[in-house]
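**Q** In terms of the working numbering, the sequence shown opens at residue 8 and continues consecutively.
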Amino acid sequence: MYLSGNNEELTVASLSQERIREAVSILRWGGVVAFPTETVYGLGGDAKNPAAIKRIFDIKGRPADHPLIVHIAASHQLQDWACDIPPAAIRLAEKFWPGPLTLILKRHPSVPLCVTGGQETVGLRVPDHPVALALLQAFNGGLAAPSANMFGRISPTTAVHVKDELQGRVDMVLDGGSCRVGLESTIVSLVDDCPRLLRPGSILAQDIFAAIGIEPQPGTSETKIRVPGNLSSHYAPSVPLTLLSQDDLKALLLKLPENGSRVCALLYSSGLTMLAEAGDVDYELMPESAADYARRLYAVMRHFDRGVYASVLVETPPQTTEWSAINDRLSRASQRPVNL
Ligand code: TXA
Ligand code: MG
Numbered sequence: 008m009y010l011s012g013n014n015e016e017l018t019v020a021s022l023s024q025e026r027i028r029e030a031v032s033i034l035r036w037g038g039v040v041a042f043p044t045e046t047v048y049g050l051g052g053d054a055k056n057p058a059a060i061k062r063i064f065d066i067k068g069r070p071a072d073h074p075l076i077v078h079i080a081a082s083h084q085l086q087d088w089a090c091d092i093p094p095a096a097i098r099l100a101e102k103f104w105p106g107p108l109t110l111i112l113k114r115h116p117s118v119p120l121c122v123t124g125g126q127e128t129v130g131l132r133v134p135d136h137p138v139a140l141a142l143l144q145a146f147n148g149g150l151a152a153p154s155a156n157m158f159g160r161i162s163p164t165t166a167v168h169v170k171d172e173l174q175g176r177v178d179m180v181l182d183g184g185s186c187r188v189g190l191e192s193t194i195v196s197l198v199d200d201c202p203r204l205l206r207p208g209s210i211l212a213q214d215i216f217a218a219i220g221i222e223p224q225p226g227t228s229e230t231k232i233r234v235p236g237n238l239s240s241h242y243a244p245s246v247p248l249t250l251l252s253q254d255d256l257k258a259l260l261l262k263l264p265e266n267g268s269r270v271c272a273l274l275y276s277s278g279l280t281m282l283a284e285a286g287d288v289d290y291e292l293m294p295e296s297a298a299d300y301a302r303r304l305y306a307v308m309r310h311f312d313r314g315v316y317a318s319v320l321v322e323t324p325p326q327t328t329e330w331s332a333i334n335d336r337l338s339r340a341s342q343r344p345v346n347l
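1) Taking 7 Å as the cut-off, is the CB of SER245 close to at least one heavy atom of ligand 2?
2) Thinking C-alpha only, which one of LEU304, LYS262, ALA272 is nearest THR249?
3) So, at 6 Å on beta carbons, what are the nonlocal neighbours of THR109 in its own chain, with the 5 sequence-adjacent residues on each side left out?
4) CA-CA distance, SER239 and GLU25?
5) I think ARG69 touches ALA89, with their Cβ atoms under 8 Å apart; what is that distance to the nearest whole Å?
6) If contacts are defined as beta-carbon pairs under 8 Å, then LEU383 and LEU260 qualify, I think. What distance do you get, rounded to the angstrom?
7) Between which residues of its own chain and ASN56 is the CB-CB distance below 7 Å, once the five residues before and five after are set aside?
8) Using only alpha-carbon positions, find the residue among CYS186, LEU181, LEU120, THR280 that is nearest to GLU45.
9) Pick out whichever of LEU50, GLU284, ARG302, ARG303 has its Cα sitting closest to the Cα of GLN174.
10) Should SER162 be listed as close to ligand 4, given that the test is whether its C-beta is under 7 Å from any heavy atom?
11) Just to confirm the assignment, what range does the alpha helix (DSSP H) spanning LYS262 have?
12) For VAL169, count neighbouring Cβ atoms within 10 angstroms of its own Cβ and tell me buried if that reaches 16, exposed if not.
13) From GLU295 to ARG35, what distance separates their C-alpha atoms?
14) Any heavy atom of ligand 2 closer than 7 Å to the CB of GLU291?
15) From GLY286 to LEU263, what does the alpha carbon distance come to, in whole angstroms?
16) Between SER192 and ligand 1, is there a pair consisting of the residue's CB and a ligand heavy atom that are separated by less than 7 Å?
17) Less than 6 Å between C-beta atoms, sequence neighbours within five positions excluded: which residues of the same chain meet that for GLU127?
18) Taking 7 Å as the cut-off, is the beta-carbon of SER154 closer than that to any non-hydrogen atom of ligand 2?
19) Report the residue from VAL39, PHE311, HIS83 whose alpha carbon sits nearest the alpha carbon of LYS67.
20) On the DSSP letters alone, give me the boundaries of the beta strand (DSSP E) that ASP289 sits inside.
21) Taking 7 Å as the cut-off, is the beta-carbon of PRO107 closer than that to any non-hydrogen atom of ligand 1?
22) Of all the options ASN147, VAL188, ALA297, PRO207, which has the alpha carbon lying nearest to the alpha carbon of SER32?
23) Apart from the five residues on each side of it in sequence, which residues of its chain come closer than 8 Å, Cβ to Cβ, to VAL177?
24) Pull up the DSSP beta-bridge partners for PRO225, would you.
25) From the DSSP secondary-structure annotation, give me the bridge partner or partners of SER196.
26) Between which residues of its own chain and PHE158 is the CB-CB distance below 6 Å, once the five residues before and five after are set aside?
27) Helix, strand or coil, according to DSSP, for ALA152 in the structure here?
28) Comparing C-alpha positions only, which one of PRO163, THR327, GLU29 sits nearest to ARG309?
29) In whole angstroms, what separates the C-alpha of LEU197 from that of ALA306?
30) Is the Cβ-Cβ distance between ILE63 and PRO134 less than 8 Å?
31) Does the distance between the C-beta of LEU205 and the nearest non-hydrogen atom of ligand 1 fall short of 7 Å?
32) Can you tell me whether DSSP reads GLU25 as helix, strand or coil?
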């Protein structure tokens, strides 16, 4: 369940207004600035400047037909970016913005097609992070921003992650601390007759239903909408990642002693830690709650992906709806062969 609340990370006050001004002038000449949001860090450029958009695609190595989300400062700016906005979109924006929800709507004619991947729809959201909001207000326009990572890889949840991956290729990285949510926004399309959940996030299908009284349908391949997160392999570390039930992981850990040192594990049950230790398997015992687990997940995946291990074993977390975004990302990250 999404909990709206004060961001306890760095506030705009602690980040100097000078840095925001510097970022705005970079964005004005078509530069690219990585900035924090409550979900993950974004790689932002002026959504009305095709040269800036091209740079974002080049930096990420992202195919040009995969659309970018446009970040705006407030919901009243919706009509500048979308048209034929249905009442359900207004209700969702009022209820969840600023927050981790992206709405897919009909594109306003002024939105460049390079932002929307050539599609007649546009993704929009107001991020719930003081640095992102200060930047958007000072910029006074829309910022097209995918997650600030190479295409298909793990999204960054700290400024250090961004620098490790993109240093020297972006014009500036604004540091806003660790992201509070830790997984990408929920994406809901409102361009068909019924709302469609294109990407699960911390705002759940039941939260959408509670707000608009209509159950969002799953996004289907027939919708032909290009959502990179809907590729079978995405959000993926380069080391093979295997999802296992508690029993299967237990059985595997018991067999591992000879080659355990090249294997690491993401555990959910504290009962497995002793087995991991006995097998000389480096492990991380993940938090019990879905929100804490989500906040931690990408940092742990990056840590396990630094070239030390041959394989990551992941104990499947609970399968309830609260965990849907986590299970979605883990299953996309695990679409690789096992190679113990
Ligand atoms: O939490 C987030 O959404 C983060 C932060 C930075 O806001 N952004 C993010 O962007 O995850 P990106 O580009 O990594 O993923 C955005 C997703 C992509 O899967 C993209 O295809 C989808 O949004 N998307 C954007 N515009 C769309 C559109 N018009 N129709 C369908 N999907 C769209
Ligand atoms: Mg991404």
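Note that beta-carbon positions come from the ideal geometry of N, C-alpha and C, so glycine has one too. From a predicted model like this one, the values you see are computed outputs, not experimental measurements.
**A** In this structure, then:
1) By one-based count along the sequence shown, residue 245 stands at place 238. No - ligand 2 has no heavy atom lying nearer than 7 Å to the Cβ of SER245.
2) To locate residue 249, count along the sequence shown from 1; it is residue 242. Out of LEU304, LYS262, ALA272, the CA that lies nearest to the CA of THR249 is found in ALA272.
3) Reading the sequence shown from its first residue, position 102 is the one you call residue 109. Taken in chain order, the residues that qualify are ILE76, GLY130, ARG132, SER192, ILE194.
4) Reading the sequence shown from its first residue, position 232 is the one you call residue 239. Reading the sequence shown from its first residue, position 18 is the one you call residue 25. Confidence at SER239 is low in this model, with a pLDDT of 49, below 50, so its placement is unreliable and no value can be given for it.
5) Your numbering for residue 69 matches position 62 in the sequence shown. Your numbering for residue 89 matches position 82 in the sequence shown. ARG69 to ALA89, Cβ: 22 Å. No contact.
6) Because the chain here runs from 8 to 347, residue 383 falls outside it and cannot be looked at.
7) Your numbering for residue 56 matches position 49 in the sequence shown. The residues are GLY37.
8) Within the sequence shown, residue 45 is the residue found at index 38, counting from 1. That would be CYS186, whose Cα lies nearest to the Cα of GLU45.
9) In the sequence shown, residue 174 corresponds to position 167, counting from 1. Taking only the C-alpha atoms, the option nearest GLN174 is LEU50.
10) The model on display carries ligand 1 and ligand 2 but not ligand 4.
11) Numbered from 1 along the sequence shown, position 255 holds the residue referred to as residue 262. Per DSSP, the unbroken alpha helix (DSSP H) holding LYS262 starts and ends at 253 to 262.
12) Within the sequence shown, numbered from 1, the residue matching residue 169 stands at position 162. VAL169 comes out buried.
13) In the sequence shown, the residue the question calls residue 295 occupies position 288. In the sequence shown, the residue the question calls residue 35 occupies position 28. In a straight line, the C-alpha of GLU295 is about 44 Å away from that of ARG35.
14) Here residue 291 refers to the residue found at position 284 of the sequence shown. Checking every heavy atom of ligand 2 against the Cβ of GLU291, none is found closer than 7 Å.
15) By one-based count along the sequence shown, residue 286 stands at place 279. By one-based count along the sequence shown, residue 263 stands at place 256. About 6 Å.
16) By one-based count along the sequence shown, residue 192 stands at place 185. Yes; taking the cut-off as 7 Å, the Cβ of SER192 has a heavy atom of ligand 1 nearer than that.
17) Against the sequence shown, residue 127 aligns to sequence position 120. For GLU127, where only same-chain residues beyond five positions count, the Cβ hits under 6 Å are ARG114.
18) To locate residue 154, count along the sequence shown from 1; it is residue 147. Under cutoff, so the answer is yes.
19) Against the sequence shown, residue 67 aligns to sequence position 60. When only C-alpha atoms are compared, the closest one is VAL39.
20) Position 282 of the sequence shown, counted from the first residue, corresponds to residue 289. For ASP289, the enclosing beta strand (DSSP E) covers residues 289 to 292.
21) Stepping through the sequence shown from its first residue, residue 107 is reached at position 100. Yes - ligand 1 has a heavy atom lying nearer than 7 Å to the Cβ of PRO107.
22) As a working note, residue 32 is residue 25 in the sequence shown. For SER32, the nearest C-alpha among the options comes from ASN147.
23) Here residue 177 is taken as the residue at index 170 of the sequence shown, counted from 1. Within the same chain, VAL177 has close Cβ partners VAL39, VAL40, ALA41, LEU50, ILE66, ALA155, VAL169.
24) The count along the sequence shown starts at 1 and reaches residue 225 at position 218. Its beta-bridge partners are LEU204.
25) Taking the first residue of the sequence shown as 1, we reach residue 196 at position 189. In DSSP, SER196 forms a bridge with ILE111, ARG203.
26) Your numbering for residue 158 matches position 151 in the sequence shown. Within the same chain, PHE158 has close Cβ partners LYS67, GLY68, ARG69.
27) Reading the sequence shown from its first residue, position 145 is the one you call residue 152. It is coil, neither helix nor strand.
28) Taking the sequence shown and counting its residues from 1, the one referred to as residue 309 is at position 302. It is PRO163 whose Cα lies nearest to the Cα of ARG309.
29) One-based indexing of the sequence shown puts residue 197 at position 190. One-based indexing of the sequence shown puts residue 306 at position 299. Using only the alpha carbons, I get a separation of about 32 Å.
30) Numbered from 1 along the sequence shown, position 56 holds the residue referred to as residue 63. Numbered from 1 along the sequence shown, position 127 holds the residue referred to as residue 134. Not closer than 8 Å, so no.
31) Here residue 205 refers to the residue found at position 198 when the sequence shown is read from its first residue. Yes, Cβ of LEU205 sits closer than 7 Å to a heavy atom of ligand 1.
32) As a first step, residue 25 must be located in the sequence shown, where it is residue number 18. Here GLU25 sits in helix by DSSP.
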